[in-house]
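Chains as they are written, first to last, in the working numbering: chain A, 1 to 233; chain B, 234 to 466. Built from N, CA and C at the ideal position, the CB exists for glycine as well.
Number of protein chains: 2
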Amino acid sequence: MQRYFSKEKIGNYLKLSDNDLYHIRTVMRMNNSDKIEIVYNQELYLCELEENMGKIIKKEATNLINKLNITLVVPLLKEQKMDLILQKSTELGVDVIIPAIMERSIIKIDDRKVKQKIERWQKICKEASEQSKRLDIPKVADIHTFNDLKSIDGVKLICSTSEKTQNLKNIIKKCQNYDKIILVIGPEGGLSEKEEKYLKEIGFISISLGNRIMRVETVPLFLLSIFNYESME
Amino acid sequence: MQRYFSKEKIGNYLKLSDNDLYHIRTVMRMNNSDKIEIVYNQELYLCELEENMGKIIKKEATNLINKLNITLVVPLLKEQKMDLILQKSTELGVDVIIPAIMERSIIKIDDRKVKQKIERWQKICKEASEQSKRLDIPKVADIHTFNDLKSIDGVKLICSTSEKTQNLKNIIKKCQNYDKIILVIGPEGGLSEKEEKYLKEIGFISISLGNRIMRVETVPLFLLSIFNYESME
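Next up, the structure:
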């Protein structure tokens, strides 16, 4: 069944956005009284379509997934790669995506287009959340500099291309109890020495991801797959 | 440095294919005596370009990655999804990819185009191997039916959408010593009951990948990431 997110509950009704209504009516060709799923405030409702709202039939039981909070800090990338990261990371359970300015990233975003970009990225996450039946939508943050990461807390890791001794598996074993993790992924060519040094100064730990040479956009999927695996019981 | 694969060694020279020469001369604009890396017979050589050959300067030491042999059995998918699987699985270390006919796959390939398709898929794997600096190229097999999987051996797993009790982590813990693993990934909508039953009859084990709902093309990356992680020391 199709799933949508609503931001407003009015009595027994959940309001649908214009974009979703276009999808429901024009793309899916649904009619009044057809059934849809609507998520509101991380709760799932079975609803019946009624004009521009979903009429709640019942609240559904949900299977909450073991909750580790994961933040990805990613470089600015070409559109196709960024879209892949946003879509796949959403499927694999990311919570926050922070696009960050990094020395070796070749992509520059025109200041006047930043707001529009972030809205577009947020929309990709929303659609992927619907498709993968999530109860929440990952947040795409504003574009950060590394300086802005000073006050972030959690287990803070840098995917390093120079680190040789400490790998992801070692570090996960060491951190038995963690509920929040922040992962910095460098651009093609890696983080600069200066950047890695700065991140270490503000509490990040460099780790290796093993011997394989992965493209930048593969790294988030690699990491999130592993955290999903680690949380299997 | 750019890496290419050669299939022929003549004395101190490694022969380059016409496609690679086009890439070297026209795309990369390289000239005679420019340096390239050439892999021949899973050995890496530093070479100097000389007409249509690489002249061997020296054999390089290589860092062989802990070798678990992984075969992916995947449904026929739309081009973009298939390409993503081929490229990313190669980066993440797959050894064999078997495209297989499955009941719920909506893609049909014209018999006359099969050979051409497989050549195209094989080429994607070759290019991804070069980019990710592998010493071998994954093999793309002919299109199989499940019947053809009868005689395959190794740890044989089905990524099941119906299995609830046994998950990937349990099974990896149980199989302490394995050097070959075969993973069957179903199409959108999953394998049919009949297909899963048949695979079990020929020695496959159904496993769950956890609670997330992933798109088909995400599953191979998820699995390969985990096997890479498991092989970290």
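Item, Value
"Residues of chain B with a CB under 8 Å from the CB of residue 132 of chain A: which are they?", "445, 446, 447 and 448"
"Here's the rule I'm using: 16 or more other beta-carbon atoms within 10 Å means buried, otherwise exposed. How should residue 19 of chain A be labelled?", "exposed"
"Please name the residues in the segment 80 to 104 of chain A whose beta-carbon is closer than 9 Å to at least one beta-carbon of chain B, in chain order.", "84, 87, 88, 91, 92 and 93"
"Which chain B residues are close to residue 218 of chain A, counting only those with a beta carbon under 8 Å from its beta carbon?", "321, 324, 325 and 454"
"State yes or no: is the C-beta of residue 61 of chain A within less than 9 Å of the C-beta of residue 97 of chain A?", "no"
"Note down, in chain order, every chain A residue with its Cβ under 7 Å from the Cβ of residue 402 of chain B.", "229 and 232"
"Since residue 277 of chain B contacts residue 290 of chain B with CB under 8 Å, what's their CB separation in whole angstroms?", "Between residue 290 of chain B and residue 277 of chain B the Cβ distance is about 12 Å, and since that is not below 8 Å, they are no contact."
"What residues in its chain sit with their C-beta under 6 Å from that of residue 129 of chain A, if we drop five residues either side in the sequence?", "90 and 137"
"Which residue from A/179, A/23, A/6 and A/22 puts its Cα closest to that of residue 55 of chain A?", "A/6"
"Counting only beta-carbon separations shorter than 9 Å, does residue 395 of chain B have a partner in chain A?", "no"
"Here's a check: name, in chain order, each residue in its chain whose Cβ is nearer than 6 Å to the Cβ of residue 390 of chain B, leaving out the five neighbours to either side.", "416, 438 and 440"
"To the nearest angstrom, report how far apart residue 81 of chain A and residue 216 of chain A are at their CA atoms.", "8 Å"
"Helix, strand or coil for residue 431 of chain B? Go by DSSP, reduced to three states.", "helix"
"Would you mind giving the Cβ-Cβ distance between residue 76 of chain A and residue 99 of chain A, rounded to the nearest angstrom? I have them listed as a contact below 8 Å.", "6 Å"
"Please name the residues in the segment 130 to 160 of chain A whose beta-carbon is closer than 9 Å to at least one beta-carbon of chain B, in chain order.", "131, 132, 133 and 134"
"How about residue 214 of chain A and residue 222 of chain A: are their beta carbons less than 9 Å apart?", "yes"
"Since residue 226 of chain A meets chain B, which of its residues come closer than 7 Å, beta carbon to beta carbon?", "458, 459 and 462"
"To the nearest angstrom, how far is the alpha carbon of residue 307 of chain B from that of residue 420 of chain B?", "8 Å"
"Have a look at B/402, B/412 and B/394 and flag the residue whose alpha-carbon is nearest the alpha-carbon of residue 429 of chain B.", "B/394"
"Apart from the five residues on each side of it in sequence, which residues of its chain come closer than 7 Å, Cβ to Cβ, to residue 1 of chain A?", "35, 36 and 37"
"Rounding to the nearest angstrom, what Cα-Cα distance links residue 28 of chain A and residue 401 of chain B in this structure?", "35 Å"
"So residue 414 of chain B and residue 303 of chain B are supposed to be a Cβ contact under 8 Å. How far apart are they, rounded?", "5 Å"
"What is the DSSP secondary structure of residue 461 of chain B, counted as helix, strand or coil?", "helix"
"Nearest-angstrom Cα distance between residue 382 of chain B and residue 339 of chain B?", "21 Å"
"Under 8 Å by Cβ, that's how I've got residue 209 of chain A and residue 159 of chain A pegged, so tell me the actual separation to the nearest angstrom.", "6 Å"
"To the nearest angstrom, report how far apart residue 296 of chain B and residue 109 of chain A are at their CA atoms.", "39 Å"
"For residue 405 of chain B, which of helix, strand or coil comes out of DSSP?", "helix"
"Taking residue 104 of chain A as the reference, give the member of A/203, A/201, A/193 and A/218 with the closest Cα.", "A/193"
"Looking at the unbroken beta strand (DSSP E) that takes in residue 4 of chain A, where does it start and where does it end?", "3 to 6"
"By the DSSP assignment, the alpha helix (DSSP H) with residue 84 of chain A in it spans what residues?", "79 to 91"
"If you draw a straight line from the C-alpha of residue 435 of chain B to the C-alpha of residue 458 of chain B, how long is it?", "27 Å"
"Just to confirm, is the Cβ distance from residue 412 of chain B to residue 282 of chain B under 9 Å?", "no"
"Return the residue from the list A/154, A/101, A/164 and A/117 that minimises the CA-CA distance to residue 144 of chain A.", "A/101"
"What does the alpha-carbon distance come out to for the pair residue 464 of chain B and residue 154 of chain A?", "26 Å"
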